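Residue numbers (this note's numbering), protein chains in the order written: chain S, -15 to 344; chain B, -15 to 344.
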DNA sequence: CTGAAAGCGCTTACAG
DNA sequence: CTGAAAGCGCTTACAG
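Laid out in structure tokens, this is it:
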């Protein structure tokens, strides 16, 4: 196939053309473009005028390619390890890996610091390790607040840009946050709940996590969820169920006891991906009448979505969060592109009718 | 800030390294990589072995940059013109423009062929013009089936790759389709409807379009919507309302008449972005009790979402559709990257609680 | 069948 | 303060 119609006759103006017109070298033009010192005011003005006139747009690809010759940039990534119990974290990791492959050719090295979500000490240990390694930039999942703040302080002192992912810590200085607005995520869940609520029915709010009181993500969602009902309804039709035992046996026992008492429950909202445990219980007890709302695009959750035990999954593109987190650091450090301070991830609603088209 | 820790010591293996190991020139390696003729079987095998061994990953940026020296590639884009009435098409156009800016530096020229959605003749005229211009690739919104098939036939004959966008035409040969699965889109709307339906209520299905019987998009969604109720309910609680008058006066008159008769209607489903007209009517008649479901992330629709007259908007990332359509052609023609035959766009649910985070 | 050279657009030492 | 040269990793004529 002959794609070549003609040689490019109107190449977009580049550094070369600007240099030609300004009667200077390309190096000088480059200095002006990047506001680097060592150019006389006069030449600078002249060159800037030409840049304006030509509406010069730098070729991003060429820039990146040129930068490939620079030295190594080391990035650190702090995130929960993937276990059977916390399959969720596979997705951000995939996004991180994807970004790594993409930017490896440009001299970026990435080191993972994994911790066990259930053991605060493992988090602390990895934070300490990061302080020893002193990478050039870090991507942090701030599961435990205290140590996270400590790490952020260290970063500020050492001028290491830090990106927060998945949940934010208010009032802390960081390059940016990438993740959902947790309050709105819970608020949305409440809105869906309200649409599905039939007259006289009650709603059960379920937290299943080893750590609840310190879990920023869960607390934020619950807050949003409750705010909705406070706003829209005079009496809150809510029943609460918390458990720090995350195994099926404990959860099912708790559910059985509660639902025996509370007969009017028509909807169950689970504040994280452990919704699968409730779905399992619904299946075993044969209750298809209850609407179940939960979190995250995990294969086990999708299975129950298909079977009809889970009705809505709220998903926040975990893979994209990881990908974008790494890329933000890369662009900031290597390309000097400013970061968006709060990059709020879409809050998506997934049902059995649209899950096949969802993209993490 | 000192980013440069060390000069790259482990550069990823590239063409140069492969050439060195194979004792050939970089040109020969390039020929093997791209399966171009003119290399002896033996060297080919040898080079391929080394490629395997090093797990060589080509540097996409460098490749694109090198290709910038090639001649011009001309792309044609056939899509509805943006008018006040059809603001929807602004979004795909934005995506197309974004792609154009991105690939312009690589010798791509893009020509728009706009037509009036309401006038089939304008579509036919632009199809004829494309046949005269014979671009190297086309992106088509196949609003009118007959002329679209004609154009696709022409493309096949002339070996011009064609990408379909927004709606598909079954059984036609094309490079790929980029858009939603329309049936599932309607099915999802029905599912939401069903969740919101209170006992005894009926649902009104509304089509507002100059052309309904020939409108592939509307027909597909309606089919999915009806299929759901046929599947899940013994009696269909549906009332239909079609109008080819798309002004507010006609629509409101029709609605008023119908709702005076049908008192049990609790939910209205509008099959396209004209849902705004129904929202306006609900506002003017002060009916906040009816749940309204419609399509597309338009500013006027979002206004009514905020005010509470529209409850759900189904959105299918129109901007991404345009962007991806152009990029698919680009990658196919310039980078020889194979296209995905059916790129099905996510079907998103937008409410007043998550619209602020939505990304087209 | 194969290689040497030039080029894509930008950046970076280095020399002056 | 400024320029000439080399380089990023890949591709492309052209010459043999």
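Note that the Cβ used here is the ideal one computed from N, Cα and C, for glycine as well.
Owing to the predicted nature of the structure, the values given are computational and were not obtained by experimental measurement.
The shortest CA-to-CA distance from residue 141 of chain B to any of B:25, B:115, B:149, B:67 is the one to B:115. In the three-state reduction of the DSSP assignment, residue 300 of chain B falls in the coil class, being assigned neither a helical nor a strand state. DSSP lists B:58 as the bridge partner or partners of residue 93 of chain B. The C-beta of residue 44 of chain B has fewer than 16 other C-beta atoms within 10 Å across all chains shown, which makes the residue exposed.
Nearest to residue 64 of chain S by C-alpha distance, out of S:342, S:30, S:133, S:111, is S:111. Straight through space, the alpha carbons of residue 121 of chain B and residue 17 of chain S are spaced by roughly 36 Å.
For the region 320 to 338 of chain B, the set of residues with a beta-carbon nearer than 9 Å to any beta-carbon of chain S comprises 328, 329, 330, 331, 332, 333, 334, 335, 336, 337, 338, in chain order. In the three-state reduction of the DSSP assignment, residue 18 of chain S falls in the coil class. Under the three-state reduction of DSSP, residue 250 of chain S is assigned to strand. Residue-level contact check: residue 180 of chain B touches chain S, since one or more beta carbons of chain S fall below 8 Å from its beta carbon. For the pair residue 204 of chain S and residue 151 of chain S, the CB atoms are nearer than the 8 Å cut-off. Here residue 200 of chain B has 151 as same chain residues with Cβ atoms under 6 Å from its own Cβ, once five neighbours each way along the sequence are excluded.
Excluding sequence positions up to five before and after residue 87 of chain S, its CB lies within less than 7 Å of the CB of 314, all in the same chain and listed in chain order.
Not a single CB atom of chain B sits nearer than 8 Å to the CB of residue 72 of chain S. The C-beta of residue 113 of chain B has fewer than 16 other C-beta atoms within 10 Å across all chains shown, which makes the residue exposed.
Chain S has a Cβ within less than 8 Å of the Cβ of residue 341 of chain B. Three or more beta-carbon pairs separated by less than 8 Å link the region 156 to 176 of chain S to the region 322 to 341 of chain S, which places the two stretches in contact.
Our two residues, residue 277 of chain S and residue 323 of chain B, have alpha carbons roughly 36 Å apart in a direct line. S:259 is the residue among S:198, S:28, S:259, S:160 whose C-alpha sits nearest the C-alpha of residue 69 of chain S. DSSP places residue 225 of chain S in the uninterrupted beta strand (DSSP E) bounded by 222 to 227.
Interface annotation, residue 88 of chain S: in contact with chain B, CB-CB separation under 8 Å. The contact set of residue 45 of chain B on chain S, defined by CB atoms closer than 7 Å, consists of 45, 48, 49 in chain order.
From the beta-carbon of residue 172 of chain B, the residues of chain S found nearer than 7 Å are 335, 337, 338. At the C-beta level, residue 209 of chain S and residue 171 of chain S come within 8 Å of one another. Here residue 319 of chain S is exposed, its C-beta having fewer than 16 other C-beta atoms within 10 Å. Within the DSSP secondary-structure output, residue 115 of chain B pairs in no beta bridge. Between residue 292 of chain S and residue 336 of chain S, the C-beta gap is smaller than 8 Å, which places the two residues in contact.
Contact residues of the region -7 to 26 of chain S toward chain B are -4 (C-beta to C-beta distance below 7 Å). Taking the Cα positions, residue 289 of chain S is about 15 Å away from residue 179 of chain B.
Within the region 240 to 295 of chain S, the complete alpha helix (DSSP H) segments of 4 residues or longer fall at 259 to 268, 283 to 291, listed in chain order.
Short of 8 Å from the beta carbon of residue 223 of chain B, and not among the five residues preceding or following it, lie these beta carbons of its own chain, in chain order: 186, 187, 188, 189, 242, 246, 249. Annotation: Cβ neighbours of residue 168 of chain B in chain S (cutoff 9 Å, chain order): 337, 338, 340, 341. Residue 81 of chain B sits in a helix when the DSSP states are folded into three classes. The region 269 to 283 of chain B makes contact with the region 293 to 312 of chain B: 3 or more CB pairs, one atom from each, lie closer than 8 Å. In the three-state scheme derived from DSSP, where H, G and I count as helix and E and B as strand, residue 64 of chain S is classed as strand. Under the 8 Å criterion on CB atoms, residue 165 of chain B is classed as interfacial with respect to chain S.
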